[in-house]
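Mapped onto my numbering, the consecutive letters of the sequence shown carry residue numbers 41 to 246.
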Amino acid sequence: MVHWAERKAEEVVKTFREIRDVLVCNGGLSVSGLQHVGRLRGEVTIVDTVRKILEKRGYEAKHTIVLYTMDAWKGKETQLKQFSDPEEAKAFTGRPLFLVPDPQECHKNWVEHYWENFGNYLQHFALDVEVVSTKELYEKNMRMKEFIVKTLTEKRSEAVRTINKYRGRNPHPEDWIPFNPICEKCLRIDSTVAVSFDEKTGIIEY
Numbered sequence: 041m042v043h044w045a046e047r048k049a050e051e052v053v054k055t056f057r058e059i060r061d062v063l064v065c066n067g068g069l070s071v072s073g074l075q076h077v078g079r080l081r082g083e084v085t086i087v088d089t090v091r092k093i094l095e096k097r098g099y100e101a102k103h104t105i106v107l108y109t110m111d112a113w114k115g116k117e118t119q120l121k122q123f124s125d126p127e128e129a130k131a132f133t134g135r136p137l138f139l140v141p142d143p144q145e146c147h148k149n150w151v152e153h154y155w156e157n158f159g160n161y162l163q164h165f166a167l168d169v170e171v172v173s174t175k176e177l178y179e180k181n182m183r184m185k186e187f188i189v190k191t192l193t194e195k196r197s198e199a200v201r202t203i204n205k206y207r208g209r210n211p212h213p214e215d216w217i218p219f220n221p222i223c224e225k226c227l228r229i230d231s232t233v234a235v236s237f238d239e240k241t242g243i244i245e246y
C-alpha cells in the first residue's frame, strides 16, 4: 500500500518536473491572530513530509510558507480585546494586517507580534523553511508584478470569471478590476474599488 503522502509527491513530479528545476512545496498562513498548534499540520509538517519524499527520490525541492500579511484586519471582538482600548482599535478595521499596530506595543506591528511565537519554532517541525510575506511579494518580486499586470490586462476577464465561481450570489461585474489598493488616507484595503489601470505607468485609480 502506498501512503497518501507518497501519492501527493508523485502528483507533484508528474505535474511540474518538466517545467521546474526546483519543486516548490508551498503552504500559506494568515497572521490574523494567535498561531495555534493546529496550523502545523497542513502548512508545515505535511508539506515538509512531501518535500522529504521528493528529495529522497533525487529531486531538488524546497519548502516555502507565504504569510498573508495583506489580508484585511477584520476587527473581530477577539481581536479588539487585545488592545487596551478596544473602541479606539476599531479604527484599524480594514487595514492590511501589517499596518495594524502591535496591541502590546512590543513589536513593529500586529503581524510581527503574533508570528514570533510560532515562526521562531518552525525549525523544530520542518527544516529549511523559507518564509515570505505577501507584502514582500507585491513589493519586491518581479514575477508577482508581472502576474498582477497580466491579471489586470490580458487575463482580466478570465480572472473575474474564476473569482466569480466562488462568490455565489454576489458575483463581480464583468468590468470589475481585480485589485484592491491600499487607501492613502484611511489605510483600508477592504473598501477600496479600483476604477482604472494604466499599464504604461502601473498607476491604479480608485
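Ideal placement from N, C-alpha and C gives every residue a C-beta, glycine not left out.
Using a Cβ distance threshold of 8 Å, VAL169 and HIS103 count as a contacting pair. For ILE243, the number of other beta carbons within 10 angstroms of its own is below 16, and it is reported as exposed. If you draw a straight line from the Cα of ALA131 to the Cα of ALA49, it is about 45 Å long. Inter-segment contact for the stretch 75–86 and the stretch 109–117 is absent: fewer than three beta-carbon pairs are separated by less than 8 Å. Taking TRP216 as the centre and dropping the five residues before and after it, the same chain places the C-beta of VAL200 closer than 7 Å to its C-beta, in chain order. Here DSSP, grouped into helix, strand and coil, assigns ILE86 to helix. Contact between the stretch 190–198 and the stretch 83–96 is absent: fewer than 3 CB-CB pairs across the two stretches fall below 8 Å. GLU214 and VAL235 have their alpha carbons spaced roughly 13 Å apart.
Inclusion of SER231 and GLY134 in the CB contact set at 8 Å is warranted, their separation being smaller than that value. For the stretch 86–160, the full-length alpha helix (DSSP H) segments reaching 4 residues or more read 86–96, 117–120, 126–129 and 150–159 along the chain. If the five residues before and after ILE229 are omitted, its C-beta is found closer than 6 Å to the C-beta atoms of ALA112, PRO136, ASN220 and ILE222, all from its own chain and listed in chain order. Secondary structure of LEU63 (DSSP, three-state): strand. DSSP, read as helix, strand or coil, puts GLU58 in coil. Apart from the 5 residues on each side of it in sequence, LYS96 has no Cβ closer than 6 Å to any other Cβ in its chain.
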